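Engineer:
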Amino acid sequence: MGYASYVGERSFLCDAKVGKYCSIGDRVSFIVGNHPTTEAISTHPAFYSTIGQAGIVYAEKNCFKEYKHVEDNYSFIIGNDVWIGSDSKLVQGIKIGNGAVIAGGSVVTKDVESYEIVGGVPAKRIKYRFSENERLILENLAWWDFPNERLKELTKIMNNPKEFFEQINN
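Read in my numbering, the sequence shown has -6 at position 10, and its numbers run on one by one without any break.
1) Which first and last residues belong to the alpha helix (DSSP H) in which residue 49 is found?
2) Are the stretch 52 to 72 and the stretch -2 to 18 touching, with three or more C-beta to C-beta distances below 8 Å?
3) Report all residues from its chain with a CB closer than 6 Å to the CB of residue 55; omit the five preceding and five following residues, and keep chain order.
4) On a Cα-Cα basis, can you pick out the residue from -13, -7, 9 and 144 that is closest to residue 165?
5) Between which two residues does the alpha helix (DSSP H) carrying residue 136 extend?
6) Cα-Cα, which of 97, 43, 41 and 77 is closest to residue 66?
7) Relative to the C-alpha of residue 20, which residue among 11, 31, 100 and 76 is closest?
8) Measuring only the C-alpha atoms, how far is residue 141 from residue 152?
9) Are residue 105 and residue 91 closer than 8 Å when you measure CB to CB?
10) Tell me whether residue 119 sits in a helix, a strand or coil according to DSSP, three-state version.
11) How is residue -3 classed by DSSP in three states: helix, strand or coil?
12) Of the choices 134, 125 and 131, whose alpha-carbon is the least far from that of residue 149?
13) Can you name the start and end residues of the beta strand (DSSP E) that residue 147 belongs to?
14) So, residue 88 versus residue 115, is the Cβ gap smaller than 8 Å?
15) Might you give, ordered along the chain, the residues of its own chain that have their beta carbon closer than 7 Å to the beta carbon of residue 171, omitting 5 neighbours on each side?
16) Would you kindly report the start and end of the unbroken beta strand (DSSP E) that includes residue 103?
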């Protein structure tokens, strides 16, 4: 969990790498584990897994990759300054870019780009928070890595995007 990030009540995060300054709402679920849907006759783990999730094992070896890792041992990569609204669900194997917003109640099944706002079931792009050029400036700036003293100085313009981009460009 990155610096200054927080998680709301009854949220379930596992196998997640979370960046700095993230806001994760109440009852957010990070869903891990998968079942074969078209790769096998049965979706029950007794036929493809040796773990014994249901107390029985017929498989002699693991025949299906149940867990998707995006990076190292993480099933989820959450960038910096990400807001995930309450009651959202994220399916394993995805990356959420810096500054992204996930509307409450969404089911995220694929990667979300930096500064993209998504929502719905399944989640789809609503819009970007900033222009392409502004997104590039923010990615290169990586303000979340600034020392606290510098961030305190920037607080006034952080709440005024027009002024922020004007001052940063000068």
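No residue lacks a Cβ here, since even glycine has one placed at the ideal position from N, Cα and C.
Since we're looking at a predicted model, the values are computed, not measured.
Structural biologist: Put simply:
1) Position 65 of the sequence shown holds residue 49. Counting along the chain, residue 49 falls outside any alpha helix (DSSP H), and DSSP gives it neither H nor E.
2) yes
3) Sequence index remark: in the sequence shown, residue 55 carries index 71 (1-based). Closer than 6 Å at Cβ, skipping near neighbours: 61.
4) Here the chain has residues from -15 to 154 only, and residue 165 is not among them.
5) Here residue 136 corresponds to residue number 152 of the sequence shown, with the count starting at 1. 132 to 142 is the span of the alpha helix (DSSP H), which, as asked, contains residue 136.
6) Counting from one through the sequence shown, the residue named residue 66 turns up at place 82. Checking every option, the nearest Cα to that of residue 66 belongs to 97.
7) Counting from one through the sequence shown, the residue named residue 20 turns up at place 36. Among 11, 31, 100 and 76, the Cα nearest to that of residue 20 is on 31.
8) Numbered from 1 along the sequence shown, position 157 holds the residue referred to as residue 141. Numbered from 1 along the sequence shown, position 168 holds the residue referred to as residue 152. The alpha-carbon atoms of residue 141 and residue 152 are separated by roughly 10 Å.
9) Taking the first residue of the sequence shown as position 1, residue 105 is located at position 121. Taking the first residue of the sequence shown as position 1, residue 91 is located at position 107. Yes, Cβ-Cβ distance for residue 105 and residue 91 is below 8 Å.
10) Counting from one through the sequence shown, the residue named residue 119 turns up at place 135. Residue state, collapsed to three classes: helix.
11) One-based indexing of the sequence shown puts residue -3 at position 13. Looking at residue -3 - three-state DSSP - the assignment turns out to be coil, as it is neither helix nor strand.
12) Walking along the sequence shown from the start, residue 149 turns up at place 165. Comparing Cα positions, the closest option is 125.
13) In the sequence shown, residue 147 corresponds to position 163, counting from 1. Careful: residue 147 lies outside any beta strand (DSSP E), inside the alpha helix (DSSP H) at 145 to 153.
14) For this step, residue 88 is matched to residue 104 along the sequence shown. For this step, residue 115 is matched to residue 131 along the sequence shown. Against a cut-off of 8 Å, the Cβ pair of residue 115 and residue 88 comes out as no contact.
15) Past the boundaries of the shown model lies residue 171; the chain is included only from -15 to 154, so the question cannot be answered.
16) The residue labelled residue 103 in the question sits at position 119 within the sequence shown. That run of the beta strand (DSSP E) goes 100 to 103.
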